[in-house]
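Accompanying notes for the structure given below.
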Amino acid sequence: MCGIVGLFLKKDALRPRLGDMLTDMLITMTDRGPDSAGIAIYGDASEGLKMTVQSDTPKTGFAGLEAALGAALGAPVTMAVIDTHAVLTIPAGAEAAARAFAAETGLRVMGVGSAMEIFKEVGLPKEVAARFGIRAMAGSHGIGHTRMATESAVTTMGAHPFSTGADQCLVHNGSLSNHNAMRRVLSAKGFAPQTQNDTEVAACYISSRLAEGANLGEALEGTLQDLDGFFTFVVGTKNGFGVVRDPIACKPAVMAETEDYVAFGSEYRAFANLPGIETARVWEPEPATVYFWER
Numbered sequence: 001m002c003g004i005v006g007l008f009l010k011k012d013a014l015r016p017r018l019g020d021m022l023t024d025m026l027i028t029m030t031d032r033g034p035d036s037a038g039i040a041i042y043g044d045a046s047e048g049l050k051m052t053v054q055s056d057t058p059k060t061g062f063a064g065l066e067a068a069l070g071a072a073l074g075a076p077v078t079m080a081v082i083d084t085h086a087v088l089t090i091p092a093g094a095e096a097a098a099r100a101f102a103a104e105t106g107l108r109v110m111g112v113g114s115a116m117e118i119f120k121e122v123g124l125p126k127e128v129a130a131r132f133g134i135r136a137m138a139g140s141h142g143i144g145h146t147r148m149a150t151e152s153a154v155t156t157m158g159a160h161p162f163s164t165g166a167d168q169c170l171v172h173n174g175s176l177s178n179h180n181a182m183r184r185v186l187s188a189k190g191f192a193p194q195t196q197n198d199t200e201v202a203a204c205y206i207s208s209r210l211a212e213g214a215n216l217g218e219a220l221e222g223t224l225q226d227l228d229g230f231f232t233f234v235v236g237t238k239n240g241f242g243v244v245r246d247p248i249a250c251k252p253a254v255m256a257e258t259e260d261y262v263a264f265g266s267e268y269r270a271f272a273n274l275p276g277i278e279t280a281r282v283w284e285p286e287p288a289t290v291y292f293w294e295r
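The opening position of the sequence shown corresponds to residue 1 in the UniProt record's numbering, with each subsequent residue numbered one higher.
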């Protein structure tokens, strides 16, 4: 079933409250998915790249990581440990080498970008958000997901959001029927999914289209022709936030917009604690219609 939320702030005055508002929205969706939860936060852009990594044994997995990775890259690296995740700031252009180092040392890469940080784990949204201190995080926009697993194992890597490109991530409610065929097509293009989750196939599809020169709206429109099944996607990029539903649109979705923000939720109740929601324009996104906002 799954529950998804998203929040795009139009005004900077709300940036300090982004994490708090997203957390409330996601906790409200808990009964739609008790297996795992995750949130992507788009905060201030760094001069280099921020690579979020995860370890099941953070005390040993992150011990000496800052110095070791810095030595491997031949450049300064900074690290902020947050529970089972660490946000590493690495030089621009060092992503491939840093990913190779992470693989060799048993670390899992959650996402890379100049502005995006991703935190996800097995557990309920309330527990996951508390572990990572999501409420205190600031930013311009973010998306979240609470999962009810149907087609793959309940693991950290199987949790959403999925990130398959710099500052790109996607959450999904639904099921894709042609994900195996698309997995082969995308792998041939250099966008091979790393898990068996069908949602990662959708994330790779978006990344492949953006890499080919499409904008976010065009990439989302492409899902309507190339991906089969039932889906509602919410996508984040460094500057944007987008939503699309399949032509049948059997998965619930609702949006709200004020002068201050655009919000998405699987159900109306996700908006209950948002400021000014009583005067918002609230609507159900149309089937096979792309909605996106960019700064």
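C-beta: ideal position from N, C-alpha, C; glycine also.
Worksheet item: With a CB to CB cut of under 6 Å and the five nearest residues on each side skipped, what residues in its chain are close to residue 221?
Response: 290
Practice prompt. Report yes if the CB atom of residue 22 is closer than 8 Å to the CB atom of residue 39, and no otherwise.
Written response: A distance below 8 Å separates the beta carbons of residue 22 and residue 39.
Discussion item. Using CA atoms only, rank isn't needed, just tell me which of 73, 161, 94 is closest to residue 296.
Written reply: Any property of residue 296 remains undetermined from this structure, which presents the chain solely from 1 to 295.
Practice prompt. Give the single residue among 132, 172, 106 whose Cα lies nearest to the Cα of residue 121.
Written response: Of the listed residues, the one whose Cα sits closest to residue 121 is 132.
Fill in: Cβ-based neighbour list, residue 269, same chain, cut-off 7 Å, excluding 5 preceding and 5 following
28
Worksheet entry | For residue 2, the three-state DSSP class (helix, strand or coil) | coil
Worksheet item: Can you tell me where the beta strand (DSSP E) with residue 61 in it begins and where it stops?
Response: In this chain, residue 61 is not harboured by any beta strand (DSSP E); it is covered by the alpha helix (DSSP H) spanning 58-61.
Discussion item. Is it buried or exposed, residue 52, if we count other Cβ atoms within 10 angstroms and call 16 or more buried?
Written reply: Buried, because 16 or more other Cβ atoms sit within 10 Å of the Cβ of residue 52.
Worksheet entry | For residue 160, the residue or residues it bridges with in DSSP | DSSP, once it has assigned bridges, lists no residue as partnering residue 160.
Worksheet entry | Endpoints, alpha helix (DSSP H) assigned at residue 126 | 125-132
Discussion item. According to DSSP, is residue 191 part of a helix, a strand, or is it coil?
Written reply: coil
Fill in: Close beta carbons around residue 295, own chain, < 6 Å, minus the five adjacent residues each side
For residue 295, where only same-chain residues beyond five positions count, the Cβ hits under 6 Å are 239.
Worksheet item: Applying the criterion that 16 or more other CB atoms from any shown protein chain within 10 Å of the CB defines a buried residue, is residue 263 buried or exposed?
Response: buried
Item to complete: Report buried or exposed for residue 286, applying the criterion of at least 16 other Cβ atoms within 10 angstroms of its Cβ.
Response: Exposed is the label assigned to residue 286, since fewer than 16 other Cβ atoms lie within 10 Å of its Cβ.
Fill in: Between the CA atoms of residue 76 and residue 164 - distance to the nearest angstrom
25 Å
Worksheet item: residue 143: buried (16+ other C-beta within 10 angstroms of its C-beta) or exposed?
Response: buried
Discussion item. Using C-beta distances below 6 Å, list every residue in its chain close to residue 282, excluding the 5 sequence neighbours before and after it, in chain order.
Written reply: 256
Worksheet item: Whose C-beta lies closer than 7 Å to the C-beta of residue 277 among residues of the same chain, with five residues either side of it excluded?
Response: 256, 271
Discussion item. Run through the DSSP bridge pairs and tell me what residue 169 is partnered with.
Written reply: 236
Item to complete: Reducing DSSP to helix, strand and coil, say where residue 28 ends up.
Response: helix
Worksheet item: Between which two residues does the alpha helix (DSSP H) harbouring residue 208 extend?
Response: 198-211
Discussion item. Taking the alpha-carbon of residue 56 as reference, which of 105, 100, 124, 205 has the nearest alpha-carbon?
Written reply: Its Cα nearest to that of residue 56, the residue 105 stands out among 105, 100, 124, 205.
Discussion item. Can you tell me whether residue 185 is helix, strand or coil according to DSSP?
Written reply: helix
Worksheet item: Tell me which same chain residues have a C-beta within less than 6 Å of the C-beta of residue 236, skipping the five on either side of it?
Response: 40, 143, 169.
Worksheet item: Do residue 92 and residue 43 come within 8 Å of each other at the CB atom, strictly closer than that value?
Response: no
Fill in: Beta-carbon proximity of residue 233 to residue 172, cut-off 8 Å
yes
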